[in-house]
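Colleague: Take a look at the following structure, please.
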Amino acid sequence: MTAPVRTAGPVRPAPPEIQLEVQDFYARQMRLLDEGRAEEWAETFTEDGVFEQNVKPEPWRGRAEIVARMRVGLDRLATRPVTRRHWLGMLIVDEDEEPDTWRCRFYALVFEVPDGGDPRPHLSAPGEDLLVRGEDGRLRIRYRLVEHDGAV
307 MTAPVRTAGP
317 VRPAPPEIQL
327 EVQDFYARQM
337 RLLDEGRAEE
347 WAETFTEDGV
357 FEQNVKPEPW
367 RGRAEIVARM
377 RVGLDRLATR
387 PVTRRHWLGM
397 LIVDEDEEPD
407 TWRCRFYALV
417 FEVPDGGDPR
427 PHLSAPGEDL
437 LVRGEDGRLR
447 IRYRLVEHDG
457 AV
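Okay, so the sequence shown: first residue is 307 according to our numbering, each after it adds one.
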(Lines of atoms letter the chains of each structure in order from A and count residues from 1; the text may use other names and numbers.)
(Lines give C-alpha, C1' and ligand atoms only; values in the text may rest on other atoms or scores of the structure.)
Protein backbone atom coordinates (compact mmCIF):
# COMPACT_ATOMS: atom_id res chain seq x y z
CA MET A 1 0.00 0.00 0.00
CA THR A 2 1.40 3.38 -0.99
CA ALA A 3 1.88 5.68 2.00
CA PRO A 4 0.51 9.19 1.63
CA VAL A 5 2.51 12.32 0.91
CA ARG A 6 5.84 11.52 2.59
CA THR A 7 7.83 11.81 -0.61
CA ALA A 8 10.32 14.46 -1.59
CA GLY A 9 9.23 14.56 -5.23
CA PRO A 10 7.96 17.63 -7.05
CA VAL A 11 4.74 19.13 -5.74
CA ARG A 12 2.02 19.83 -8.29
CA PRO A 13 -0.97 21.49 -6.65
CA ALA A 14 -4.28 20.12 -7.90
CA PRO A 15 -6.33 22.47 -10.09
CA PRO A 16 -8.91 24.63 -8.30
CA GLU A 17 -11.89 22.49 -9.37
CA ILE A 18 -10.29 19.38 -7.83
CA GLN A 19 -9.42 21.28 -4.66
CA LEU A 20 -13.07 22.34 -4.32
CA GLU A 21 -14.29 18.80 -4.94
CA VAL A 22 -11.89 17.42 -2.31
CA GLN A 23 -12.95 20.07 0.20
CA ASP A 24 -16.60 19.10 -0.34
CA PHE A 25 -15.68 15.40 0.02
CA TYR A 26 -14.10 16.01 3.44
CA ALA A 27 -16.96 18.19 4.66
CA ARG A 28 -19.45 15.45 3.83
CA GLN A 29 -17.21 12.68 5.19
CA MET A 30 -16.73 14.35 8.58
CA ARG A 31 -20.46 15.05 8.87
CA LEU A 32 -21.17 11.34 8.38
CA LEU A 33 -18.77 10.55 11.20
CA ASP A 34 -20.29 13.15 13.53
CA GLU A 35 -23.78 11.85 12.76
CA GLY A 36 -22.74 8.33 13.78
CA ARG A 37 -23.16 6.91 10.26
CA ALA A 38 -20.18 4.52 10.37
CA GLU A 39 -21.30 2.42 7.41
CA GLU A 40 -21.69 5.39 5.06
CA TRP A 41 -18.47 6.93 6.39
CA ALA A 42 -16.57 3.68 5.66
CA GLU A 43 -17.91 3.80 2.07
CA THR A 44 -15.64 6.83 1.57
CA PHE A 45 -12.68 4.40 1.69
CA THR A 46 -11.72 2.05 -1.12
CA GLU A 47 -12.59 -1.61 -0.57
CA ASP A 48 -8.92 -2.27 0.29
CA GLY A 49 -8.43 1.07 2.08
CA VAL A 50 -6.18 1.48 5.10
CA PHE A 51 -6.79 3.72 8.14
CA GLU A 52 -3.66 4.13 10.28
CA GLN A 53 -3.37 6.10 13.52
CA ASN A 54 -0.33 6.51 15.73
CA VAL A 55 -2.53 5.75 18.78
CA LYS A 56 -3.56 2.29 17.49
CA PRO A 57 -1.22 -0.72 17.47
CA GLU A 58 -2.16 -1.80 13.92
CA PRO A 59 -3.77 -0.09 10.93
CA TRP A 60 -7.36 -0.96 10.08
CA ARG A 61 -7.20 -2.74 6.72
CA GLY A 62 -10.09 -2.99 4.30
CA ARG A 63 -13.49 -1.37 4.39
CA ALA A 64 -15.04 -4.21 6.42
CA GLU A 65 -12.57 -3.75 9.29
CA ILE A 66 -12.77 0.04 9.06
CA VAL A 67 -16.57 0.03 9.44
CA ALA A 68 -16.53 -2.58 12.21
CA ARG A 69 -13.95 -0.71 14.30
CA MET A 70 -15.56 2.69 13.72
CA ARG A 71 -19.01 1.30 14.58
CA VAL A 72 -17.68 0.07 17.96
CA GLY A 73 -16.19 3.49 18.70
CA LEU A 74 -19.29 5.43 17.66
CA ASP A 75 -21.58 3.13 19.65
CA ARG A 76 -19.40 3.64 22.72
CA LEU A 77 -19.47 7.42 22.19
CA ALA A 78 -23.28 7.34 21.88
CA THR A 79 -23.50 6.15 25.51
CA ARG A 80 -21.83 9.36 26.74
CA PRO A 81 -23.67 12.67 27.25
CA VAL A 82 -21.47 14.47 24.72
CA THR A 83 -21.55 15.65 21.12
CA ARG A 84 -18.37 15.30 19.08
CA ARG A 85 -17.50 17.46 16.05
CA HIS A 86 -14.63 16.93 13.61
CA TRP A 87 -13.12 19.85 11.72
CA LEU A 88 -10.55 19.51 8.95
CA GLY A 89 -8.66 22.52 7.71
CA MET A 90 -5.43 23.84 6.22
CA LEU A 91 -6.08 21.43 3.36
CA ILE A 92 -3.34 20.91 0.79
CA VAL A 93 -4.24 18.89 -2.31
CA ASP A 94 -1.42 17.82 -4.62
CA GLU A 95 -1.56 15.71 -7.75
CA ASP A 96 0.05 12.27 -7.53
CA GLU A 97 2.06 10.54 -10.25
CA GLU A 98 -0.84 8.08 -10.67
CA PRO A 99 -3.79 9.45 -12.71
CA ASP A 100 -6.93 10.42 -10.75
CA THR A 101 -4.99 10.26 -7.48
CA TRP A 102 -4.26 13.07 -5.04
CA ARG A 103 -2.13 13.39 -1.93
CA CYS A 104 -3.98 15.42 0.68
CA ARG A 105 -2.65 16.87 3.91
CA PHE A 106 -4.75 18.52 6.59
CA TYR A 107 -5.06 19.35 10.25
CA ALA A 108 -7.91 17.74 12.15
CA LEU A 109 -9.43 19.15 15.30
CA VAL A 110 -12.02 17.27 17.30
CA PHE A 111 -14.23 19.13 19.74
CA GLU A 112 -16.47 17.66 22.41
CA VAL A 113 -19.50 19.44 23.78
CA PRO A 114 -20.88 17.94 26.99
CA ASP A 115 -24.67 18.12 27.24
CA GLY A 116 -25.37 21.54 28.75
CA GLY A 117 -21.68 22.45 28.63
CA ASP A 118 -19.21 24.42 26.59
CA PRO A 119 -17.22 23.12 23.63
CA ARG A 120 -13.71 21.98 24.44
CA PRO A 121 -10.89 20.64 22.31
CA HIS A 122 -10.63 16.85 22.46
CA LEU A 123 -7.67 16.27 20.15
CA SER A 124 -5.64 17.68 17.30
CA ALA A 125 -3.84 15.74 14.63
CA PRO A 126 -2.21 16.23 11.27
CA GLY A 127 -3.57 13.86 8.66
CA GLU A 128 -2.50 12.60 5.27
CA ASP A 129 -4.65 10.81 2.71
CA LEU A 130 -4.11 9.18 -0.62
CA LEU A 131 -7.36 9.98 -2.40
CA VAL A 132 -8.42 8.23 -5.61
CA ARG A 133 -11.28 8.53 -8.06
CA GLY A 134 -13.11 5.23 -8.42
CA GLU A 135 -14.58 3.80 -11.59
CA ASP A 136 -17.94 5.17 -10.42
CA GLY A 137 -16.45 8.69 -10.45
CA ARG A 138 -16.54 9.07 -6.66
CA LEU A 139 -13.57 10.10 -4.56
CA ARG A 140 -12.41 7.54 -2.00
CA ILE A 141 -9.55 7.22 0.47
CA ARG A 142 -7.05 4.49 -0.33
CA TYR A 143 -4.78 5.29 2.61
CA ARG A 144 -5.25 7.55 5.64
CA LEU A 145 -2.64 8.35 8.27
CA VAL A 146 -3.65 10.36 11.36
CA GLU A 147 -0.96 11.23 13.90
CA HIS A 148 -2.53 12.46 17.13
CA ASP A 149 -0.57 15.34 18.67
CA GLY A 150 0.94 14.56 22.06
CA ALA A 151 0.66 10.78 21.63
CA VAL A 152 3.56 8.87 23.07
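Positions of the beta carbon are idealized from the N, C-alpha and C atoms, including for glycine.
On a predicted model such as this, the values are computed, not experimentally measured, just so you know.
Please classify M376 as buried or exposed, where buried requires at least 16 neighbouring CB atoms within 10 angstroms.
Modeller: Position 70 of the sequence shown, counted from the start, is the residue given in the question as residue 376. That one is buried.
Colleague: Compute the Euclidean distance between the alpha carbons of G440 and R446, then round it to the nearest angstrom.
Modeller: Indexing the sequence shown from 1 puts residue 440 at position 134. Indexing the sequence shown from 1 puts residue 446 at position 140. The alpha-carbon atoms of G440 and R446 are separated by roughly 7 angstroms.
Colleague: Kindly indicate which three-state DSSP category P432 falls into: helix, strand or coil?
Modeller: The sequence position of residue 432 within the sequence shown is 126, counting from 1. Here P432 sits in strand by DSSP.
Colleague: Taking only the alpha-carbon atoms, compute the straight-line gap between E345 and F331 and give it to the nearest angstrom.
Modeller: To locate residue 345, count along the sequence shown from 1; it is residue 39. To locate residue 331, count along the sequence shown from 1; it is residue 25. Looking at the two C-alpha atoms, the distance is approximately 16 angstroms.
Colleague: Starting from the Cα of R382, find the closest Cα among G342, E358, F357, K362 and give me that residue.
Modeller: The residue labelled residue 382 in the question sits at position 76 within the sequence shown. Taking only the C-alpha atoms, the option nearest R382 is G342.
Colleague: Residue range of the beta strand (DSSP E) that A333 falls in?
Modeller: By one-based count along the sequence shown, residue 333 stands at place 27. Segment 322 to 340 is the alpha helix (DSSP H) holding A333; no beta strand (DSSP E) there.
Colleague: Below 8 angstroms, how does it come out for the region 419 to 428 and the region 385 to 394: are there three or more Cβ pairs, yes or no?
Modeller: Yes, the region 419 to 428 is in contact with the region 385 to 394.
Colleague: With the cut-off set at 9 angstroms, would you say L429 and C410 are in Cβ contact?
Modeller: Reading the sequence shown from its first residue, position 123 is the one you call residue 429. Reading the sequence shown from its first residue, position 104 is the one you call residue 410. No; because the gap between Cβ atoms is not below 9 angstroms, this pair is not in contact.
Colleague: G355 and R426: beta carbons closer than 9 angstroms?
Modeller: Counting from 1 along the sequence shown, the entry for residue 355 is found at position 49. Counting from 1 along the sequence shown, the entry for residue 426 is found at position 120. Against a cut-off of 9 angstroms, the Cβ pair of R426 and G355 comes out as no contact.
Colleague: Please report the Cβ distance between A320 and E401, rounded to the nearest whole angstrom; I am assuming they are in contact, meaning their Cβ atoms lie under 8 angstroms.
Modeller: By one-based count along the sequence shown, residue 320 stands at place 14. By one-based count along the sequence shown, residue 401 stands at place 95. The Cβ separation is near 5 angstroms, so the contact holds.
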